[in-house]
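A.B. asks: Got a structure here, written out as structure tokens. Questions coming.
Numbering (our numbering), first residue to last: 1 to 187.
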């Protein structure tokens, strides 16, 4: 039975639970109760526990969704560079832009679940690091990054970007970060 696909309603319930949990963790923090999550998802508490026997399991599912979004974005960036339809530096700058201007909730979520999902977050960091490393290496070969800019520098920029500042502050941060990367990134 374990190998059989989930029923449509079971999959729908699972997605509703994960979505509700994600929203509640973002707005109220990781201490939100399982009964509150079930209520927000529109399912019985027993249904929630059938899908996620422990809160840690639910948090792992939230992080898996985050990992999928980030991973797909990084894979697509690498594919565009490999296909020659984009440059590595353009993809690094686009990644910074997405993280700073579009992915605020995902970054907040990462902080909210850090204690409950350390292993999944470590896997996400490793996957992201490998993808960013490829972009940085290519950008160096293209001469688009300053020689002393490393993978760790780009990751530091991603990790320390503003979370709760105004859009103007985030836009200014992005401009400064782009200038710090290399001579071809100030635009």
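Glycine included, every Cβ here is placed at the ideal spot set by N, Cα and C.
When you compare the stretch 75-93 with the stretch 127-135, are there three or more beta-carbon pairs, one atom per stretch, that lie closer than 8 Å?
C.D. replies: Taking 8 Å as the limit for Cβ pairs, the verdict is that the stretch 127-135 does touch the stretch 75-93.
A.B. asks: If I'm right that residue 34 touches residue 55 with Cβ under 8 Å, what's the distance once you round it to whole angstroms?
C.D. replies: Right, the Cβ-Cβ distance comes to about 6 Å (below 8 Å), so this counts as a contact.
A.B. asks: Could you compute how far the alpha carbon of residue 151 sits from the alpha carbon of residue 131?
C.D. replies: Whole-angstrom Cα-Cα distance: 10 Å.
A.B. asks: In three-state DSSP terms, what is residue 1?
C.D. replies: In this prediction, residue 1 scores a pLDDT of 47, lower than 50, which makes its location untrustworthy; the coordinate-derived value is nonetheless stated afterwards. Three-state DSSP puts residue 1 in coil, outside helix and strand.
A.B. asks: How many Å lie between residue 67 and residue 124 at the Cα?
C.D. replies: Roughly 6 Å separates the two Cα atoms.
A.B. asks: In the structure shown, what three-state DSSP assignment does residue 145 receive?
C.D. replies: Coil at residue 145, not helix or strand.
A.B. asks: Would DSSP call residue 87 helix, strand or coil?
C.D. replies: Three-state result, residue 87: coil.
A.B. asks: Between the alpha carbons of residue 73 and residue 154, how many angstroms are there, rounded?
C.D. replies: Approximately 16 Å between the Cα atoms of the pair.
A.B. asks: Please name the residue, chosen from 161, 50, 70 and 64, that lies closest to residue 22 on a Cα-to-Cα basis.
C.D. replies: Cα-wise, what sits closest to residue 22 is 64.
A.B. asks: Judging by CA-CA distance, which residue of 16, 81, 100 and 92 is the nearest neighbour of residue 145?
C.D. replies: Selected option, being the one with the closest Cα: 92.
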